[in-house]
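J.: For the sequence shown, this note's numbering gives the first residue as 48, with consecutive numbering after it.
Pasting in a structure now, in structure tokens, and then I'll have a few things to ask.
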Amino acid sequence: MHYRYHSAIPERMVVLALLPPPNSYEPRAPFGYGVLIVTRRWRGEAEFSSHAHGYGAGYNPQGMRDDIRKLFTPETNALIHAPAPPHAPKHATRQVPFPAEYLDYIPRSGLVANVHARIPHDQLVDAARIGGLELSGPNPSPLQRIARIGTEAQAAWVFWMFASCSPRMRRELLASYAAWRAVERARNGPVVV
């Protein structure tokens, strides 16, 4: 993924990591989504919120579709993350088509922009480490992925930030993000996974 540096982050950005429900011909399995919402404040500061939700095997996918649509507003810039196939060469991830089943869950009208990102696992892990996050292994089961899908969305944002923002902007955003994470950890206590 190659971006030009931006002087400012979008007004409102929704970063979505999605584990779509299995197709009708596949065995039933849990599915869900994780989202990081980044709202620009002044200068290099931002406000963050994170949501993750898993649905049991056999649950009606319309519920997830409705929940995701509520997160998007007309002024939203969206970063939609789909894991790159493990066998795809790193230089060819831009040519790997975005999974069509993801598009069924993303609102199509009124958004400022959608960016579809196929981030190789090792690069997502590096971004997660920069953000102080921990991800599942390269081939997690659906339950393992759902357990960390909110973290996956945050790591995708860190990856985007390093690919898209100037070094000064990165420092400011990473400081805002680290402060938000510290407050969340203090509020929720230690997470045992």
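Ideal placement from N, C-alpha and C gives every residue a C-beta, glycine not left out.
(1) Strictly by DSSP, which residues pair up with N161?
(2) With H, G and I counted as helix, E and B as strand and the rest as coil, what does DSSP make of H49?
(3) Taking Cβ to Cβ, would you say W207 is nearer than 8 Å to L118?
(4) Taking all protein chains shown into account, decide if Q109 is buried (16 or more other Cβ within 10 angstroms of its Cβ) or exposed.
(5) Do V82 and A210 have their CB atoms nearer than 8 Å?
(6) Please confirm whether M216 and N124 have their CB atoms less than 8 Å apart.
(7) Counting Cβ pairs, one atom from each stretch, are 3 or more of them under 8 Å apart for the region 185-203 and the region 164-177?
(8) Determine the closest residue to N161 out of Y224, E122 and S213, with distance taken between C-alpha atoms.
T.: With the structure as the only source:
(1) Locating residue 161 in the sequence shown gives position 114, counting from the first residue. Note: N161 sits in a beta bridge opposite A125.
(2) Your numbering for residue 49 matches position 2 in the sequence shown. Residue confidence for H49 is low, a pLDDT of 48 falling below 50, so the modelled location carries little weight and cannot support an answer.
(3) For the purposes of this step, residue 207 is taken as the residue at position 160 of the sequence shown. For the purposes of this step, residue 118 is taken as the residue at position 71 of the sequence shown. No, they are not a contact pair.
(4) Position 62 of the sequence shown, counted from the start, is the residue given in the question as residue 109. Exposed: under 16 other Cβ atoms inside 10 Å.
(5) Reading the sequence shown from its first residue, position 35 is the one you call residue 82. Reading the sequence shown from its first residue, position 163 is the one you call residue 210. No. Outside cutoff.
(6) Residue numbering aside, residue 216 sits at position 169 when the sequence shown is read from its first letter. Residue numbering aside, residue 124 sits at position 77 when the sequence shown is read from its first letter. Against a cut-off of 8 Å, the Cβ pair of N124 and M216 comes out as no contact.
(7) These segments touch.
(8) In the sequence shown, counting from the first residue as 1, residue 161 sits at position 114. For N161, the nearest C-alpha among the options comes from E122.
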